[in-house]
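K.L.:
Protein chains in written order, with the numbering used here: chain A, 2 to 113; chain B, 2 to 113.
A virtual CB, placed ideally from N, CA and C, is assigned to each residue, including glycine.
The model shown is predicted, which means the values in this text are computed figures rather than measured ones.
Have a look at this one before I ask anything.
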DNA sequence: CGTCATATCTTCTAGTTTGTAGAAACTCGG
DNA sequence: CCGAGTTTCTACAAACTAGAAGATATGACG
């Protein structure tokens, strides 16, 4: 019924960013990973909101980082992919691959 | 501000289905294309809602089909990709490729 | 002919989930 | 206490969803 059976667009990006920084990534660094790769500039709030949703769904797991930041601040919350998260990523990838299969962009949107 | 600068997940799928059936596709057939390729079973209402949104954004163009259906019913509304739609598709593809680049799923979600 | 039953297709309505941004709160070192 | 680095909260906009309602053509049947 719900739409919650699939990954939204931004959820995919965040999940991939978590994968790229497995176990070491936290809010800020994940935001940066996305920015560096895509040029998008999501607000930090968006990232956390999505991260929280992904954790609720069991696709991601978080734990408090040891507090040894040298330079002050609140303890980091590190994220890691769960097996379910990895599976969701593979599933969405498979779906999109099928949708793209045979796509011919030459002349798309041509003569009206 | 809005999120509307990018393509949502389902918007991507619909846009690709339109591409695959360029100029001949209409609500029902587009729904089927998605189902056939991905196994998803979106309601027809979802498809039209998304198609309308895409047309508003100028990514898709629609026109009434000639009424020669042999077997009664309302006239079909055919869809085609616009140049902007093709560009949006290429853009989202590029973004996702960058997010996936170097993704290593081996052992992802491993030892907790 | 007329109008009705039926098949196709589209539009409308109403609600949930995702995505967004910015402000507020927390926590550490100095 | 103050400033820097982080996370959480609040409030709203956009995307997604399903199903019911509306529209429009054809063929049947009197």
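With a cut-off of 9 angstroms, does the C-beta of residue 1 of chain A fall near any C-beta of chain B?
P.N.:
Here chain A has residues from 2 to 113 only, and residue 1 of chain A is not among them.
K.L.:
What is the residue span of the beta strand (DSSP E) that residue 75 of chain B lies within?
P.N.:
That residue, residue 75 of chain B, is in no beta strand (DSSP E); it is neither H nor E in DSSP.
K.L.:
Take residue 110 of chain A and list the residues in its own chain whose beta-carbon comes closer than 6 angstroms to its own, dropping the five residues that flank it on each side.
P.N.:
Cβ neighbours of residue 110 of chain A beyond the five flanking positions: none.
K.L.:
Between the C-alpha atoms of residue 89 of chain B and residue 66 of chain A, what's the straight-line distance to the nearest angstrom?
P.N.:
Rounded to the nearest angstrom, the two C-alpha atoms are 39 angstroms apart.
K.L.:
At a CB-CB cut-off below 7 angstroms, which residues of chain A make contact with residue 20 of chain B?
P.N.:
Neighbours of residue 20 of chain B on chain A, chain order: 104, 109.
K.L.:
For residue 11 of chain B, which three-state DSSP category applies?
P.N.:
The answer is helix: DSSP assigns residue 11 of chain B an H, G or I state.
K.L.:
Please list the terminal residues of the continuous beta strand (DSSP E) segment that includes residue 65 of chain B.
P.N.:
Run containing residue 65 of chain B: 61-65, per the beta strand (DSSP E) assignment.
K.L.:
Give me the Cα-Cα distance between residue 15 of chain B and residue 74 of chain A, rounded to the nearest whole angstrom.
P.N.:
When rounded, the distance between both Cα atoms is 45 angstroms.
K.L.:
Starting from residue 49 of chain B and walking both ways along the alpha helix (DSSP H), at which residues does that stretch end?
P.N.:
Residue 49 of chain B -> alpha helix (DSSP H) spans 45-57.
K.L.:
Cβ closer than 8 angstroms: which chain B residues qualify as neighbours of residue 9 of chain A?
P.N.:
Those are 9, 10, listed as they occur along chain B.
K.L.:
Tell me whether the stretch 78-92 of chain B and the stretch 24-38 of chain B touch, counting them as touching only if at least three CB pairs, one residue from each stretch, are closer than 8 angstroms.
P.N.:
Judged by Cβ distances under 8 angstroms, the stretch 78-92 of chain B makes contact with the stretch 24-38 of chain B, as three or more pairs qualify.
K.L.:
Hey, could you find the ends of the alpha helix (DSSP H) residue 109 of chain A is sitting in?
P.N.:
Run containing residue 109 of chain A: none; DSSP gives neither H nor E here.
K.L.:
Below 8 angstroms on C-beta distance, what does residue 23 of chain A contact in chain B?
P.N.:
109, listed in chain order.
K.L.:
Taking only beta-carbon atoms, is residue 33 of chain B less than 9 angstroms away from chain A?
P.N.:
Not one chain A Cβ lies under 9 angstroms of residue 33 of chain B.
K.L.:
Check this for me: beta carbons of residue 93 of chain B and residue 20 of chain B, under 9 angstroms apart or not?
P.N.:
No, these two residues do not count as a Cβ contact at 9 angstroms.
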